[in-house]
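Quick mapping for you: the protein sequence lines, in order, are chains H and E.
Residues in the first sequence are numbered consecutively from 56, following the working numbering.
Residues in the second sequence are numbered consecutively from 56, following the working numbering.
Ideal Cβ positions, reconstructed from N, Cα and C, are used throughout, including at glycine.
Number of protein chains: 2
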Amino acid sequence: MRGEILCIGDELISGRISDRNARYAAGRLWPLGLGLAGFSYLGDDPDEIVRELREALARCDWLVVSGGLGTTEDDLTAAAAARALGLPLVEHPQKVAELEALITSLGRPLTPENRRMALMPEGAEPLDPRSAGFAITVEGGKSLYFLPGVPPEFARIIERRVAPELGARFGSGHLASASIRLFGIGESEVGRRLAGLVNGVPGASLGYYPVFPEVILALSARAETPELAQERVATLETQCLERLEGLVVVRGAQTLEARVGELLKSAGLTLACAESCTGGLIGHRVTEVAGSSAYFLRGYVVYSNPAKQDLLGVTAATLTSHGAVSAQCAAEMATGARERAGADLALAVTGIAGPEGGSPDKPVGTVWFGLAQAGGVLTEHKRFAGDRSMVKLQAAENALDLLRRHLEGL
Amino acid sequence: MRGEILCIGDELISGRISDRNARYAAGRLWPLGLGLAGFSYLGDDPDEIVRELREALARCDWLVVSGGLGTTEDDLTAAAAARALGLPLVEHPQKVAELEALITSLGRPLTPENRRMALMPEGAEPLDPRSAGFAITVEGGKSLYFLPGVPPEFARIIERRVAPELGARFGSGHLASASIRLFGIGESEVGRRLAGLVNGVPGASLGYYPVFPEVILALSARAETPELAQERVATLETQCLERLEGLVVVRGAQTLEARVGELLKSAGLTLACAESCTGGLIGHRVTEVAGSSAYFLRGYVVYSNPAKQDLLGVTAATLTSHGAVSAQCAAEMATGARERAGADLALAVTGIAGPEGGSPDKPVGTVWFGLAQAGGVLTEHKRFAGDRSMVKLQAAENALDLLRRHLEGL
Numbered sequence: 056m057r058g059e060i061l062c063i064g065d066e067l068i069s070g071r072i073s074d075r076n077a078r079y080a081a082g083r084l085w086p087l088g089l090g091l092a093g094f095s096y097l098g099d100d101p102d103e104i105v106r107e108l109r110e111a112l113a114r115c116d117w118l119v120v121s122g123g124l125g126t127t128e129d130d131l132t133a134a135a136a137a138r139a140l141g142l143p144l145v146e147h148p149q150k151v152a153e154l155e156a157l158i159t160s161l162g163r164p165l166t167p168e169n170r171r172m173a174l175m176p177e178g179a180e181p182l183d184p185r186s187a188g189f190a191i192t193v194e195g196g197k198s199l200y201f202l203p204g205v206p207p208e209f210a211r212i213i214e215r216r217v218a219p220e221l222g223a224r225f226g227s228g229h230l231a232s233a234s235i236r237l238f239g240i241g242e243s244e245v246g247r248r249l250a251g252l253v254n255g256v257p258g259a260s261l262g263y264y265p266v267f268p269e270v271i272l273a274l275s276a277r278a279e280t281p282e283l284a285q286e287r288v289a290t291l292e293t294q295c296l297e298r299l300e301g302l303v304v305v306r307g308a309q310t311l312e313a314r315v316g317e318l319l320k321s322a323g324l325t326l327a328c329a330e331s332c333t334g335g336l337i338g339h340r341v342t343e344v345a346g347s348s349a350y351f352l353r354g355y356v357v358y359s360n361p362a363k364q365d366l367l368g369v370t371a372a373t374l375t376s377h378g379a380v381s382a383q384c385a386a387e388m389a390t391g392a393r394e395r396a397g398a399d400l401a402l403a404v405t406g407i408a409g410p411e412g413g414s415p416d417k418p419v420g421t422v423w424f425g426l427a428q429a430g431g432v433l434t435e436h437k438r439f440a441g442d443r444s445m446v447k448l449q450a451a452e453n454a455l456d457l458l459r460r461h462l463e464g465l
Numbered sequence: 056m057r058g059e060i061l062c063i064g065d066e067l068i069s070g071r072i073s074d075r076n077a078r079y080a081a082g083r084l085w086p087l088g089l090g091l092a093g094f095s096y097l098g099d100d101p102d103e104i105v106r107e108l109r110e111a112l113a114r115c116d117w118l119v120v121s122g123g124l125g126t127t128e129d130d131l132t133a134a135a136a137a138r139a140l141g142l143p144l145v146e147h148p149q150k151v152a153e154l155e156a157l158i159t160s161l162g163r164p165l166t167p168e169n170r171r172m173a174l175m176p177e178g179a180e181p182l183d184p185r186s187a188g189f190a191i192t193v194e195g196g197k198s199l200y201f202l203p204g205v206p207p208e209f210a211r212i213i214e215r216r217v218a219p220e221l222g223a224r225f226g227s228g229h230l231a232s233a234s235i236r237l238f239g240i241g242e243s244e245v246g247r248r249l250a251g252l253v254n255g256v257p258g259a260s261l262g263y264y265p266v267f268p269e270v271i272l273a274l275s276a277r278a279e280t281p282e283l284a285q286e287r288v289a290t291l292e293t294q295c296l297e298r299l300e301g302l303v304v305v306r307g308a309q310t311l312e313a314r315v316g317e318l319l320k321s322a323g324l325t326l327a328c329a330e331s332c333t334g335g336l337i338g339h340r341v342t343e344v345a346g347s348s349a350y351f352l353r354g355y356v357v358y359s360n361p362a363k364q365d366l367l368g369v370t371a372a373t374l375t376s377h378g379a380v381s382a383q384c385a386a387e388m389a390t391g392a393r394e395r396a397g398a399d400l401a402l403a404v405t406g407i408a409g410p411e412g413g414s415p416d417k418p419v420g421t422v423w424f425g426l427a428q429a430g431g432v433l434t435e436h437k438r439f440a441g442d443r444s445m446v447k448l449q450a451a452e453n454a455l456d457l458l459r460r461h462l463e464g465l
C-alpha cells in the first residue's frame, strides 16, 4: 500500500511559517508500515488543490490532508475535495447539530461562517465533534482524511482516528528502530563501510544524514512480531558498530553533551573548560544539558595570548617557542584551568579557525586538545577541513568526544 | 510561470528530522514573483523520484530539488534526474578536477565515492566548486536546479545561484530587495503590525520567516527600471521600520555579531564577556566573525557562584542579599570582567535558563544583563519564554543587541 500527506496554505509555501503537521503525522504513521511515500505543500489555490488531490488519489491507497478547513474565505479544502471526487458539497446534518450545541453552550449564536465547518463531500463523515474535518472512503477502498491545520487539533485527530484506523486497515508487521551518532567520518565513508550490510538482515533498512559535524545513522527493521523486529535491528546495529569502530560518539537519541553529562554525574566529577578557537562553544554545548550546573564549574575563553597567561598560567616560554597552537600550550591551558577552577577534569582547545592565521607549518584547521585529570594531562592533535564555523564545530565535538572516551575508559 | 521545490530523503518523510531547506528557499523565492506553487517531500525511492520529477516537470517552468546528491548508496537523485529527463548519467570532467583539487588539498586521495559527486545528467553544469549539485536547462527553457541537502550548502547555493538566476530569467521587470532582522517579536505580531503595507506600494512584496530567536523580514519590489524598484523597496522599508521601531537588530544581510564587530572595530574598542546562563554562547557568536581576535580579548564562563567571585570579584554580599540573578550581580560581573580583562567594554549575562531553578520571584527565563564601559555600568532585565535552549538563544541575542544599541548611540 501507499499513502501521502498533503498540507494546504499560502503561509506554508511562502516560507512564513513552518509546518509541524506533516512531520508529526509522518512520525506517527511511518513506523506503522503504511507505505508513506511523501508529503506535499500547496498554496490556497483551488485548482492546484483539485489537481493534486486527483493525482495523489490515483497513486495512493490513503491520503491525509491538513488545512484549509476553517470558517474563512481562504478555507477551500472541502469544496476542492468535492470537486476532485466528483461529489456534491453538502452540509452534514449531524455536524451542524454538533456545532450548534458546541457554540450555543459558549453563549453565542451559530453563524453562517460557523456552518461552513459542516460542509463536506456527500458521503463523508465528521472526524471529531470539536473540530472541522471529515473522512471519506472512495472507490477501491481508498481512505481520505481531511484534518484542520491547527496543530493541536491535527495531532489529536491523528492520534484518535487516523493512526489507529489506518494501522488496522493497512499496517504490516512491527517496526523496531535505533540510531547512532558518528563523528570524524563523512557520509561517503559511512556509505563505503556499510555497503551491503542491509541486504544481510531481512526487513532491515539503513539511512544516514549529516547534522554537521556529526553523521546520524538511522537503523530500522520490520518483522511479524515486535521481538523479531527488535532482534533484527539489534543484529544490524552490532554489524554497523563493528564497521564503524572508533567513530561512534553516542548510541541512541542522546546528544554527545548529554552523554558526557551523564558520565560526569555518575562518576561524581566536575569539569572546567579552557577555550581559544572555539570561543565558548564547548561551554555552550555543555550547558545545553539541564542540570549541568551540578558538574560544570566554569569556562575560560582565552582568545588573546595575555588571557592565556593571566587566566591559566600559560608561560611566555611556551608561547614563544611553541606558539599558542601547540601541544605544550594545550597542556598548560588544561592544567591551569583544572587547578584554578578546582575541577576534577579540564578540557582545553587551541587552534586556527581561519580564514587568517594559518602557516605552512600550522595550516588553518590545525587544532590541539588537552585533557587534564588527576593523573596528568593528555593531548591530541587534529586537522579539520572547512570554513571558520565548521572548524569550530568540529573542534568542540572532538573536545567533548575526547572527554567521553576518557570517561568511558577507552 | 510556475515552479516547485522537491526535497528528497527518508529522514524527512519518516518525521525523524525537520526540513529547513524548502522553507528557506520559499522565503527567498516567493518574494521574487516566480510563481512558487508548492513543495513536495519524497523518500529515497528511485521510482518515486523519477515519477515526481516527470510530473513536476510537466507542470512547471522551474524546479529546485534538495538532497540525495552525496556520495553514498542512498544518494539517488542524480541517477533519477537522468532517468526522468531521458539523458545519460555522465561524469562531469571539470567537477572531477575541482573535487580532486579540493580533496588533495586536504591531504587525502580522491576515492570512487568522492567521484560520485561529479555524476550528473549529460548537459548539466555544476553549481558550486565546494559542493555537489548541478543545474540543467531542458526543453521549453525549463530550469532545473539540483542542490545538496546539507542546509548551509543548500542556502549558499540558493543565495548565490538559484535566486539571482531564476529572478533574472523568470522574474518580470527589475527587482530590488532588502532584509531586516528583528528580535523580540513573534511572527504573528509582525504580520499584525505590517498588515496592509504591501498594498500601498506597487510591485512590492513582503515575506517573513523565523530563524530563532530572530524573525527575518524579506522585502522586495519590482518595477520597470532598477531605480524605480530601488525606490519602491526603500519606501516599503521605511514604512516597515516605522511600524517595527525598537525591534530591528540589523538591516541588511549582516548578522548581529558581524554588525557588533564592525562597530567595535571602527570605534577601536575591545570587548570581554562574562557569561553565566548562556554558558559561552555569546563568546561563540562573537568569534564566528573572521578577525574577531582584533577586538575580542577573553570571556569568563562563570557558571558557579565561586567562579563569579574568584574570576570577576562578585561580592558574597551581593550573592547573599540579591542572588546571582540580579542587577547587582550583572553589574559586578560586567565591571569585574572589564577591569580584569583590561577591555574597553564588557558584557555580562546572568539568568535562569531552566527547567529547574525558577521561583515565584524569579521565574525561569528571568535574565539580567550588564554592560560596563568607561562611564559606568548599564543594566537591563528581560524575561524570555521557551525552553532552556530558547532562553539561552534569546539571552545571547539580547546581550549582543544591548552592545549594538550602545555602540550606535541609541
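Presumed contact (8 Å Cβ cut-off) between residue i and residue j, rounded CB distance
| i | j | result |
| --- | --- | --- |
| residue 371 of chain H | residue 364 of chain H | 7 Å |
| residue 278 of chain E | residue 329 of chain E | Incorrect: roughly 50 Å between the Cβ atoms, too far for contact. |
| residue 273 of chain E | residue 263 of chain E | 7 Å |
Straight-line gap, residue i to residue j (C-alpha atoms, nearest Å)
| i | j | result |
| --- | --- | --- |
| residue 321 of chain H | residue 423 of chain H | 28 Å |
| residue 286 of chain E | residue 252 of chain E | 15 Å |
| residue 85 of chain H | residue 260 of chain H | 13 Å |
| residue 150 of chain H | residue 111 of chain H | 27 Å |
| residue 332 of chain H | residue 389 of chain H | 14 Å |
| residue 226 of chain E | residue 121 of chain E | 22 Å |
| residue 301 of chain H | residue 460 of chain H | 10 Å |
| residue 220 of chain H | residue 76 of chain H | 18 Å |
| residue 216 of chain H | residue 237 of chain E | 40 Å |
| residue 307 of chain H | residue 234 of chain H | 5 Å |
| residue 339 of chain E | residue 355 of chain H | 12 Å |
| residue 250 of chain H | residue 256 of chain H | 13 Å |
| residue 130 of chain E | residue 99 of chain E | 8 Å |
| residue 408 of chain H | residue 206 of chain H | 42 Å |
| residue 335 of chain E | residue 366 of chain H | 16 Å |
| residue 79 of chain E | residue 442 of chain H | 21 Å |
Distance cut-off 8 Å: residue i Cβ against heavy atoms of the ligand FAD
| i | result |
| --- | --- |
| residue 351 of chain H | In the structure on display, the ligand FAD does not appear, and there are no ligands present to speak of. |
Cross-strand partners of residue i (DSSP beta bridge)
| i | result |
| --- | --- |
| residue 236 of chain E | E/271 and E/305 |
| residue 87 of chain H | DSSP, once it has assigned bridges, lists no residue as partnering residue 87 of chain H. |
| residue 175 of chain E | E/145 |
| residue 421 of chain H | H/438 |
| residue 405 of chain H | H/423 |
| residue 428 of chain H | H/431 |
| residue 297 of chain E | DSSP output for residue 297 of chain E lists no bridge partner at all. |
| residue 229 of chain H | H/278 |
| residue 446 of chain H | DSSP output for residue 446 of chain H lists no bridge partner at all. |
Residue range of the unbroken beta strand (DSSP E) whose run includes residue i
| i | result |
| --- | --- |
| residue 67 of chain E | Looking at the DSSP string, residue 67 of chain E is not in any beta strand (DSSP E); the run it does join, the alpha helix (DSSP H), is 65-68. |
| residue 354 of chain H | 351-357 |
| residue 121 of chain H | 117-121 |
| residue 202 of chain H | 197-202 |
| residue 265 of chain H | 259-266 |
| residue 329 of chain E | 326-330 |
Bounding residues of the alpha helix (DSSP H) (the contiguous stretch that carries residue i)
| i | result |
| --- | --- |
| residue 184 of chain E | Taken as a continuous stretch (DSSP letters only), residue 184 of chain E belongs to no alpha helix (DSSP H), as it is neither H nor E. |
| residue 361 of chain E | 360-367 |
| residue 337 of chain H | 336-341 |
| residue 165 of chain E | It is not in any alpha helix (DSSP H) - residue 165 of chain E carries neither H nor E in the DSSP assignment. |
| residue 321 of chain E | 311-322 |
| residue 253 of chain H | No alpha helix (DSSP H) contains residue 253 of chain H, which DSSP labels as neither H nor E. |
| residue 391 of chain E | 382-396 |
| residue 109 of chain E | 101-114 |
Notebook entry, point to check: Taking Cβ-Cβ distances below 9 Å as the criterion, which residues of the stretch 398-419 of chain E are in contact with chain H?
Noted result: 408, 409, 410, 411 and 412
Next item on the list: Determine which residues of the stretch 203-220 of chain E have a Cβ less than 7 Å from any Cβ of chain H, and write them out in chain order.
Entry: 205
Next item on the list: For the stretch 88-99 of chain H, enumerate the residues whose C-beta is nearer than 7 Å to any C-beta of chain E, in chain order.
Entry: 91, 92, 93, 94, 95, 96, 97 and 98
Next item on the list: Note down, in chain order, all residues in the stretch 350-361 of chain H with a beta-carbon under 9 Å from any beta-carbon belonging to chain E.
Entry: 351, 352, 353, 354, 355, 356, 357, 358, 359 and 361
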